[in-house]
Structures are given as C-alpha cells and as structure tokens.
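In the UniProt record's numbering, the protein residues as written are 1 to 109.
Backbone N, C-alpha and C define an ideal beta-carbon position, used for all residues, glycine too.
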Amino acid sequence: MAELLERAGEASEFLKKLANPNRLMIVCALVDGERSVRELEDSLGIRQPGLSQQIAELREAGLIAGRKESKSVFYRLADERVAAVVSLLYRMFCAPKAGMDPLRGNNND
C-alpha cells in the first residue's frame with residue numbers, strides 16, 4: 001500500500017507539470033524532435049518571457065533538456081513518459097474521430 005501511495009504521489013507531481021496549457025503545448029511541439037526557443041515562440045504564439053518561464057519549469061522537473069548552439073538554445077524531451085502521455089492526449093483530444101467534425105466535436109450526421 002505504501003508503494004502505491006508513493007507512486008500515486010509521483011504521478012500526481014508529473015501530471016501537475018503538464019497541467020498548464022502553455023507547458024502542454026511546449027511538450028507537444030517537442031514530441032517530433034528538438035526545437036529552438038525561437039521556433040517554439042513562433043509556432044506556439046507564446047511570447048518570450050512567458051515561454052522562458054514555462055521552459056524553466058519543465059527543465060527543472062527533468063521533462064525537457066536544452067543545449068546551446070551559438071546564440072540559440074534548443075530543447076528536446078528528456079523523459080520518455082512525456083511522449084507517451086502526449087501521444088495518449090493527442091489520440092483522446094486532438095485526432096479527428098471517424099464521423100466527427102474536428103472543429104465542433106460532434107457527429108457530422
């Protein structure tokens with residue numbers, strides 16, 4: 001029972017780090033591979049100060065890792081669990097379902 005409680009606590013902390021919409025968008029963008037801060041800013045529409053804050057939280061949690069190249073910083077997923085969770089979330093919330101209107105979330109009938 002103690003082990004289950006400990007694992008539940010770990011899962012809760014992991015999910016808390018992904019529970020922010022901006023952090024979730026960042027990890028979704030990194031599922032396909034490494035991206036620079038500039039690429040993330042442009043593709044996600046998150047302005048630099050907010051983006052840096054969310055990246056710092058993800059980095060401190062060990063969910064992403066960065067490397068510096070010249071004047072650019074590139075980030076990638078550092079925890080395989082993130083990719084697994086994002087993949088599941090994509091299938092649940094983003095992938096169009098047969099017979100569903102992806103913009104309305106309802107049947108096309």
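Would residue i be called buried (16 or more neighbouring beta carbons within 10 Å of its own) or exposed?
i: leucine 18; result: buried
i: glutamine 53; result: exposed
i: valine 27; result: buried
i: arginine 91; result: exposed
i: leucine 5; result: exposed
Using the C-alpha atoms, what's the distance from residue j back to residue i?
i: alanine 11; j: glutamate 3; result: 12 Å
i: valine 85; j: glycine 45; result: 23 Å
i: leucine 89; j: asparagine 20; result: 14 Å
i: asparagine 22; j: leucine 15; result: 14 Å
For a quick check, are the C-beta atoms of residue i and residue j less than 8 Å apart?
i: leucine 40; j: alanine 29; result: yes
i: arginine 59; j: glycine 50; result: no
Could you pull out every residue in the same chain whose Cβ sits closer than 6 Å to the Cβ of residue i, ignoring the five residues on either side in sequence?
i: valine 37; result: Val73
Quick one: residues in its chain with C-beta nearer than 7 Å to the C-beta of residue i, no 5 flanking neighbours on either side, listed in chain order?
i: arginine 35; result: Ala29, Phe74 and Tyr75
i: glycine 62; result: Ala78 and Asp79
i: valine 82; result: Val27 and Leu63
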